[in-house]
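Notes follow once the structure below has been shown.
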Amino acid sequence: MGVYSRPVMFAILSAVVILVGTMVTMFVPLMLPSTQPVSEYVKPYTAVELEGRDIYIREGCNNCHTQTVRPLVTEVARYGEYSKPEEFAYDRPFLWGSRRTGPDLNRVGGKYPDSWHYQHLYDPRSMFAKSNMPAYGWLARRPLDTSYTFKKVSVLGYGYGEDEVRKQIDDYRSKVTSPDYLAKTVRDRITPPELRGQLTEMDALVAYLQKLGRDVKRLARGSHTGGVAEASGLVRNPYEGDKKAIEEGKGLFKKYCAVCHGEDASGEIGPNLRDSKWKYGGTDADIYQSISKGRPGGMPNWDVKLGKERIWKIVSFIRSIGEK
5 MGVYSRPVMF
15 AILSAVVILV
25 GTMVTMFVPL
35 MLPSTQPVSE
45 YVKPYTAVEL
55 EGRDIYIREG
65 CNNCHTQTVR
75 PLVTEVARYG
85 EYSKPEEFAY
95 DRPFLWGSRR
105 TGPDLNRVGG
115 KYPDSWHYQH
125 LYDPRSMFAK
135 SNMPAYGWLA
145 RRPLDTSYTF
155 KKVSVLGYGY
165 GEDEVRKQID
175 DYRSKVTSPD
185 YLAKTVRDRI
195 TPPELRGQLT
205 EMDALVAYLQ
215 KLGRDVKRLA
225 RGSHTGGVAE
235 ASGLVRNPYE
245 GDKKAIEEGK
255 GLFKKYCAVC
265 HGEDASGEIG
275 PNLRDSKWKY
285 GGTDADIYQS
295 ISKGRPGGMP
305 NWDVKLGKER
315 IWKIVSFIRS
325 IGEK
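Per the numbering used here, residue 5 is the first one in the sequence shown, and the count goes up by one each step.
Spelled out as structure tokens, the structure:
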């Protein structure tokens, strides 16, 4: 009697063949280096960033925010470059998600300055009036527990020794408690006096958010370092002195820029735009470049969202108030 006349034996053999085939075709390739790309530009999380990631998971942030930009035109236009496999080489577990109650955060690193994140976490509706995100101000009242940080780093295989982990923690503490820290005003306002010299859970969460997508942006930045003329398409502002364009630029500024630079452009989270101090140059073309391509430290790029004409109108408005 053949195996075909023995249904139980046939079922068992079929299951074994399917199982072996699945192992060979699905699981074995997952262990091959070629299926686990690692980019030299993507670095492991630092000790503080890792603690921030754990807080992010603990508070259920991944229930409302995804961390993957899909290769769709609308996604790329809104969030930036679509996600690559090598970006997640050090993520355990992955936090890709599938449901967006809030925006995707895969490219949020460097989009806003630290001060913006402190204020947003403390009171989301002070930044976006219709936000349904809960406030996390209490994180600034909880000291960061780093007693298990080295063990976490060791298990994840990031390659940091105990001294390096301690140094990373001390360096970040020195950064956020320094009198020169750019977010000092906001941090001091929301952090109790007795904790201002220590690391808090909010400090770690901000550090983690600023890490997201930043390595990929650093790689891509080389493609955006062309001259001003190439980036803007025009060196001379086509709306220079145009009163109607200036008025339109004012409306655009209030809608997109005032949240960081203030309603009157005198500076809040972002710098004062009324004075004559320009870190990256104060010509129309320089200002266009800053708006279009963004700048390190928190200025996002607006070229895709706004387009050339609207950016030039904002430039015209900024120039008009700077001349007063």
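Glycine included, each C-beta is placed from N, C-alpha and C at the ideal position. Since the model is a prediction, treat every value here as computed from it, not as a measurement.
- Item | Identity of the residue in 186, 251 and 314 nearest residue 302 by Cα | 186
Could you compute how far the alpha carbon of residue 154 sits from the alpha carbon of residue 164?
8 Å
**Message:** Between which residues of its own chain and residue 137 is the CB-CB distance below 7 Å, once the five residues before and five after are set aside?
**Reply:** 106 and 128
To the nearest angstrom, how far is it from the Cα of residue 236 to the Cα of residue 289? Per-residue confidence for residue 236 stands at a pLDDT of 40, beneath the threshold of 50, marking its modelled position as unreliable; the derived number appears in the next sentence. If I take the Cα positions, the gap works out to 7 Å.
Requested in this report: Identify whether residue 157 lies in helix, strand or coil by the three-state DSSP scheme.
Outcome: helix
Please name the residue in 217, 167, 19 and 310 whose C-alpha comes closest to that of residue 108. 217
Local conformation of residue 137 per DSSP, three classes
coil
Measure the beta-carbon distance from residue 143 to residue 125 and round it to whole angstroms, keeping in mind my assumption that it falls under 8 Å.
-> 7 Å
Subject >> Separation of residue 26 from residue 14, as counted between CA atoms >> reply: 18 Å
> From residue 199 to residue 253, what distance separates their C-alpha atoms?
Replying inline: 42 Å
Classification of residue 16 by the beta-carbon crowding that lies within 10 angstroms, buried from 16 upward: exposed
Buried or exposed by the 16-neighbour rule on C-beta atoms within 10 Å, applied to residue 111
buried
Legend entry - Nearest to residue 259 (by Cα), restricted to the options 54, 133 and 118: 133
Query - As assigned by DSSP and simplified to three states, the class of residue 196 - result: coil
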